[in-house]
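Working notes, structure below.
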Amino acid sequence: MNFILRFLVLAVPIAFISMFYVLLSTEDSYPGADYKVFEIPQFSLPSLDDSSNINNDSLKGDFIINVWASWCITCRVEHPYLSKLSREGIKIIGLNYKDEREDAVDWINKFGDPYDLIIHDIKGALALDMGVTGAPETFLVQNGIVVAHYQGEVNQLIWNKVFEPIIDSKKINLK
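Following my numbering, the numbering of the sequence shown begins with 1093 at its first residue and continues without gaps.
This is the structure we're talking about:
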């Protein structure tokens, strides 16, 4: 009995450490990545500049949806990378999340506008329907179908490891 107890005292911690090492060292694992496929929920919301109403029919083709807000510190960190993608011709739809219109417009005027259009979701209804838990979050969309979702800052590493493999395999045209 002593031998079994001694063995368990050593084996259990070693097993847990080994399990965590394998989980954390797997390069294909990105904790914020979600690959559930679903349709963009039906919606009708104003544009940030309040010039038009945007709905599912307004969103054609392949693009990314980036959930952002002026109060979001990580969105500020992510913004230069989104601007780079935009300069490369990537179509980006902004989903301004639970943000006052004036604050969001001031933020865009200060930091630049990488978005092809911006949906103003003051109550967070569309974001909630899409499974958003906070900002920033980014969705890869192919013809109205979300094929990937990332919670957190998108940067070059995340773009290369999470989004590009799907873009390549599904032949998604973001330009």
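Where a beta carbon is used, it is the ideal one built from N, C-alpha and C, also for glycine.
In chain order, what residues of the same chain lie with their CB nearer than 6 Å to the CB of residue i, ignoring the 5 residues before and after it?
i, result
"ASP1195", "SER1162"
"GLY1223", "none"
"HIS1171", "PHE1203"
"TRP1199", "SER1162"
Spatial neighbours of residue i within its chain, please: CB distance less than 8 Å, with the 5 preceding and 5 following residues excluded, ordered by chain position.
i, result
"GLN1134", "ASN1147 and ASN1148"
Can you tell me whether residue i is helix, strand or coil according to DSSP?
i, result
"TYR1189", "strand"
"SER1178", "helix"
"TRP1163", "coil"
"LEU1218", "helix"
"GLN1243", "strand"
Look at the alpha carbon of residue i and the alpha carbon of residue j, and state the distance between them as a whole number of angstroms.
i, j, result
"PRO1123", "VAL1254", "11 Å"
"PRO1138", "ILE1210", "9 Å"
"ILE1132", "VAL1246", "20 Å"
"THR1230", "PHE1130", "14 Å"
"GLY1244", "PRO1228", "5 Å"
"ILE1264", "LYS1152", "13 Å"
"LYS1262", "GLU1256", "10 Å"
"PHE1095", "ILE1106", "17 Å"
"ASN1188", "TYR1242", "16 Å"
"HIS1212", "LYS1190", "8 Å"
Determine the burial state of residue i: buried for a count of at least 16 other Cβ atoms within 10 Å of its Cβ, exposed for fewer.
i, result
"ILE1250", "buried"
"ILE1185", "buried"
"ASP1154", "buried"
"TYR1207", "buried"
"GLN1248", "exposed"
Using C-beta distances below 7 Å, list every residue in its chain close to residue i, excluding the 5 sequence neighbours before and after it, in chain order.
i, result
"VAL1169", "GLU1245"
Given 8 Å, three or more beta-carbon pairs between the region 1135–1153 and the region 1172–1182: Counting Cβ pairs under 8 Å, fewer than three are found: no touch.
Looking at C-beta atoms only, is the number of pairs between the region 1213–1220 and the region 1232–1239 that lie closer than 8 Å three or more? Too few Cβ pairs lie closer than 8 Å, so no.
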